[in-house]
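Taking our numbering, the leading residue of the sequence shown gets 1, the next gets one more, and so forth.
The structure appears right after this line, and notes come after that.
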Amino acid sequence: MNNDSASRIVDALRSWVASAPPGSQLPSNRALMAEYGASPVTVQKAMRQLTALGLVESRPGVGTFVRSARTSSPADFGWQTGALGSPRARTSGLSSTQRGSVPDAIQLHSGYPSRDLLPERLVRAALIRAARTEAALTRSPAAGLPELQAWFASQVATRTPAGITPPAARDALIIAGSQSGLSSIFRALVGAGQPLLIESPTYWGAILAAEQTGVVLVPVPSGPTGPDPDDVDRAFAATGARAFYAQPTFANPTGSQWAMETGEAVLDIVRRRGAFLIEDDWAHDLGIDAEPSPLIGHDNDGHVIYLRSLTKSVSPALRVAAVIARGPARDRILADRAAETMYVSGLLQAAALDVVTQPGWPGHLRSMHKQLKSRRDQMLSALRHSAPELHVEQVPLGGLNIWARLPDGIDVHQFVRDCEAGGVVIGPGTEWFPAEPPGPFIRLNFSAENPARFPEAAHILGQVVGVAG
Numbered sequence: 001m002n003n004d005s006a007s008r009i010v011d012a013l014r015s016w017v018a019s020a021p022p023g024s025q026l027p028s029n030r031a032l033m034a035e036y037g038a039s040p041v042t043v044q045k046a047m048r049q050l051t052a053l054g055l056v057e058s059r060p061g062v063g064t065f066v067r068s069a070r071t072s073s074p075a076d077f078g079w080q081t082g083a084l085g086s087p088r089a090r091t092s093g094l095s096s097t098q099r100g101s102v103p104d105a106i107q108l109h110s111g112y113p114s115r116d117l118l119p120e121r122l123v124r125a126a127l128i129r130a131a132r133t134e135a136a137l138t139r140s141p142a143a144g145l146p147e148l149q150a151w152f153a154s155q156v157a158t159r160t161p162a163g164i165t166p167p168a169a170r171d172a173l174i175i176a177g178s179q180s181g182l183s184s185i186f187r188a189l190v191g192a193g194q195p196l197l198i199e200s201p202t203y204w205g206a207i208l209a210a211e212q213t214g215v216v217l218v219p220v221p222s223g224p225t226g227p228d229p230d231d232v233d234r235a236f237a238a239t240g241a242r243a244f245y246a247q248p249t250f251a252n253p254t255g256s257q258w259a260m261e262t263g264e265a266v267l268d269i270v271r272r273r274g275a276f277l278i279e280d281d282w283a284h285d286l287g288i289d290a291e292p293s294p295l296i297g298h299d300n301d302g303h304v305i306y307l308r309s310l311t312k313s314v315s316p317a318l319r320v321a322a323v324i325a326r327g328p329a330r331d332r333i334l335a336d337r338a339a340e341t342m343y344v345s346g347l348l349q350a351a352a353l354d355v356v357t358q359p360g361w362p363g364h365l366r367s368m369h370k371q372l373k374s375r376r377d378q379m380l381s382a383l384r385h386s387a388p389e390l391h392v393e394q395v396p397l398g399g400l401n402i403w404a405r406l407p408d409g410i411d412v413h414q415f416v417r418d419c420e421a422g423g424v425v426i427g428p429g430t431e432w433f434p435a436e437p438p439g440p441f442i443r444l445n446f447s448a449e450n451p452a453r454f455p456e457a458a459h460i461l462g463q464v465v466g467v468a469g
């Protein structure tokens, strides 16, 4: 086949088509073969290229014709504005952490660790093995694979002191990521129109889940060692709330951990008020300078509703998590999850269980902790050197992020835009507040980017602060 001949025919016919009226018939293939001295295969290739360009159309048994121009008008979606009404939640759009990557930019906005921090070899091998099991072809129980339920329950049992009855395997409900669990918990235990106490700042996804389920958020300020128990008690008394959502261990976005005294005091308040503490242990595997100590290990009567996800430490592709709840609360949450998704993929559950029960899993966690510490310290050092105007109140004890305050008076959203224009993508702190933020904050993920780029990122942040200030 002569590609040059086909291109020559295409170029000639494109000029002819451009001046011919729509519907004009092209010369026959025999005529084109004679005119250009081309083979049938070459002429056919030229016709296919013209058709692919949308210039001609073939009518079998009749011939090939110049395609009629098709006019199009923009779609009118205006009617949907009236049909949908106002959005129920102010956070109806995507979070900055869900944005796609910007080519060549320094990515500090992500909510996940980089690929090189994950147990890739363990995950790939686990998926292959899981594909060979019955889990690849059968429906799993609504509450989850019994073996995975038992593993999550055993993780709590190992940190439960004597005198407290640890959760049983059936108390663990396997869910597709903690985000879906939050929605079910808020619907099943709080309900639309009812108050929910929530730390401020806190995980933006919890704020979104609460708002989408119609829950009324009641912010409780939280600091480096957690909220003031007196503030929690007053909020319960003033609102009649029956649940408090919190991240006692390595909070997102600050990386702080509640003091032991704070946790005990809040548990006492929850018991006295006959309420629930929704403990989101999202960073259980991401400790740096401290060990996790879940409060559910100190709860004997089902006041703590516990969530733990494997997404950050195993793989974002294995969205497997668990809710641990006891009593009627467990049954209500399970009923909501079953109505929402019926069950979680058995294949993903089997793969996740495979990973966390491999001999290499503890070694992976130790390596991950060391790398997180190194990356955190490198970013803090770069910020101190090139962007000292950014105030970091506390070195994060765990998690993936550094929470920094900008100088007062800076428009945080403009600051974020200017940083992106300079080549650094970050998250505006407004997303982590359930009410008005008390100042301009930003969140920086130190686990998702190559640490070699931290000095450059800090330099850009410092420049933008200097111009904005």
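In this text, a Cβ means the ideal position worked out from N, Cα and C, and glycines have one as well.
Exercise for the section: Using the DSSP secondary-structure output, state which residues sit across from I106 in a beta bridge. Expected result: DSSP output for I106 lists V424 as bridge partner(s).
Exercise for the section: Whole angstroms is fine: what's the gap from E57's alpha carbon to G37's? Expected result: 23 Å
Problem - According to DSSP, residues forming a beta bridge with F441 - result: R405
Practice task
Return helix, strand or coil for S15, following the three-state DSSP convention.
Solution key: Helix.
Problem - Expected contact under 8 Å - CB spacing of D418 and R187 to nearest Å - result: In fact, because the Cβ distance is near 40 Å, the residues do not count as touching under 8 Å.
Problem - Terminal residues of the alpha helix (DSSP H) in which A350 lies - result: 346-356
Exercise for the section: Over the uninterrupted beta strand (DSSP E) stretch that includes E199, give me the two end residues. Expected result: In the DSSP assignment, E199 falls within the beta strand (DSSP E) that extends over 195-200.
Exercise for the section: Find out if the Cβ-Cβ distance for the pair V344, G144 is shorter than 8 Å. Expected result: Yes. Within cutoff.
Practice task
Kindly identify the DSSP beta-bridge partner or partners of Y306.
Solution key: E279, I324
Handout entry: First through last residue of the beta strand (DSSP E) which encompasses E57
Key = 56-59
Exercise for the section: Counting only the same chain and skipping the five closest in sequence on each side, list residues whose C-beta sits under 8 Å from that of R453. Expected result: I106
Handout entry: Cβ-Cβ distance between A400 and V392 below 8 Å
Key = Sequence check: residue 400 is Leu here, not Ala. Not in contact: L400 and V392 (Cβ atoms no closer than 8 Å).
Problem - 8 Å Cβ cutoff met for G287 and F250 - result: yes
Exercise for the section: Look up F454 in the DSSP assignment and give the residues it is bridged to. Expected result: Answer is none; F454 lacks a bridge partner.
Exercise for the section: Look up L173 in the DSSP assignment and say whether it is helix, strand or coil. Expected result: L173 falls in the strand class under three-state DSSP.
Exercise for the section: Find out if the Cβ-Cβ distance for the pair A546, V220 is shorter than 8 Å. Expected result: This structure cannot speak to residue 546, because the chain is shown only from 1 to 469.
Problem - T430 versus A12 - alpha carbon distance - result: 59 Å
Problem - A317 - DSSP class collapsed to helix/strand/coil - result: coil
Handout entry: Sufficient close CB pairs (3 or more, under 8 Å) joining the stretch 108-117 to the stretch 342-359
Key = no
Problem - Residues bridged to F236 (per DSSP) - result: Answer by DSSP bridge pairing: none, since F236 is not bridged.
Practice task
Tell whether a beta-carbon distance below 8 Å holds between G372 and A404.
Solution key: Correcting the residue type first, residue 372 is Leu in the shown sequence and not Gly. No.
Exercise for the section: Please state whether DSSP places Y245 in a helix, a strand or coil. Expected result: strand
Practice task
With DSSP as the reference, label P221 as helix, strand or coil.
Solution key: strand
Practice task
Taking 8 Å as the cut-off, decide whether the C-beta atoms of Q474 and T202 are in contact.
Solution key: Nothing about residue 474 can be read from this structure; the chain reaches only from 1 to 469.
Problem - Three-state class that DSSP yields for V266 in the structure shown - result: helix
Handout entry: Which listed residue (P166, P167, A209) has its alpha carbon closest to that of I185
Key = Residue A209 is the option with its Cα nearest to I185.
Practice task
Using the Cα positions of R132 and R319, report the straight-line distance between them to the nearest angstrom.
Solution key: 20 Å
Handout entry: Best match in Q155, H459, L53, S39 for proximity to G297 [C-alpha to C-alpha]
Key = Q155
Practice task
Please state whether DSSP places G363 in a helix, a strand or coil.
Solution key: Helix, per DSSP.
Practice task
Mind the definition here: the stretch 422-440 touches the stretch 359-371 only if three or more C-beta pairs lie below 8 Å; say whether that holds.
Solution key: no
Exercise for the section: Would you kindly work out how many angstroms separate the C-alpha atoms of R170 and Q149, rounded to a whole number? Expected result: 7 Å
Practice task
Would you mind stating whether A192 and T213 have Cβ atoms separated by less than 8 Å?
Solution key: A contact, by the Cβ cut-off of 8 Å.
Practice task
Would you please state the rounded distance, in angstroms, between the beta carbons of S313 and D285? I believe it to be under 8 Å.
Solution key: 4 Å
Problem - With 16 other Cβ atoms within 10 Å as the buried cut-off, status of G255 - result: Buried, by the Cβ-count rule.
Problem - 8 Å Cβ cutoff met for V465 and L390 - result: A Cβ-Cβ contact shorter than 8 Å links V465 with L390.
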